[in-house]
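Residue numbers (the numbering used here): 120 to 242.
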Amino acid sequence: MPKNGKGPLKVHIGFYVESLGNFRSTEMTFDMDLYLYMTWQDTRMRHNGNDWVLIDDKSVLDQIWLPDLYFANARTAYFHEVTVHNFNMFISPNGTIAYGTRVTLNLGEQPFLPTFTVFGVTE
Numbered sequence: 120m121p122k123n124g125k126g127p128l129k130v131h132i133g134f135y136v137e138s139l140g141n142f143r144s145t146e147m148t149f150d151m152d153l154y155l156y157m158t159w160q161d162t163r164m165r166h167n168g169n170d171w172v173l174i175d176d177k178s179v180l181d182q183i184w185l186p187d188l189y190f191a192n193a194r195t196a197y198f199h200e201v202t203v204h205n206f207n208m209f210i211s212p213n214g215t216i217a218y219g220t221r222v223t224l225n226l227g228e229q230p231f232l233p234t235f236t237v238f239g240v241t242e
């Protein structure tokens, strides 16, 4: 893990939900397909270039530290590797890393899923 000497490492996370579906009320599960984006600072990755460096080789990606992100209610999750590994990573001269990938999740036991009745939403 990158050491910044100033406490916990800050990781900025964003995502775009591509789709929700396969709702199974008896199991209280559903599927979510999303694009996940993370940005963090790793001073070990500084370089002397003038621009961001694109990492698009999975063998190089496997050698770079990534935040250990997890979805607490995920029953299954997988990263897309259709035709090629579906990710992109850019590294700035100051060591800022921007990483994006596509993930499909099967999520369960959602407390925020509304309960529907004949008369409408109850929660």
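The beta carbon of each residue, even a glycine, is placed where N, CA and C say it ideally should be.
Paired residues, beta bridge with residue i - DSSP
i	result
F142	DSSP output for F142 lists no bridge partner at all.
Y218	M157, M208
L224	M151, A196
V130	According to DSSP, V130 bridges with nothing at all.
N- and C-terminal bounds of the beta strand (DSSP E) containing residue i
i	result
V179	It is not in any beta strand (DSSP E) - V179 instead sits in the alpha helix (DSSP H) that spans 177 to 180.
I210	206 to 210
L173	172 to 174
When the options are compared against residue i, the one with the closest alpha-carbon
i	options	result
H204	T215, V172, R221, E146	R221
L173	G227, L224, F206	F206
Y189	D181, F198, I183, Q182	F198
R194	F149, V130, M157, A217	F149
N167	N213, V130, D152	N213
L128	Q160, S138, Y135, M151	Q160
As assigned by DSSP and simplified to three states, the class of residue i
i	result
R194	strand
8 Å contact criterion, which residue i and residue j should meet: CB distance rounded
i	j	result
T162	H131	Incorrect: roughly 17 Å between the Cβ atoms, too far for contact.
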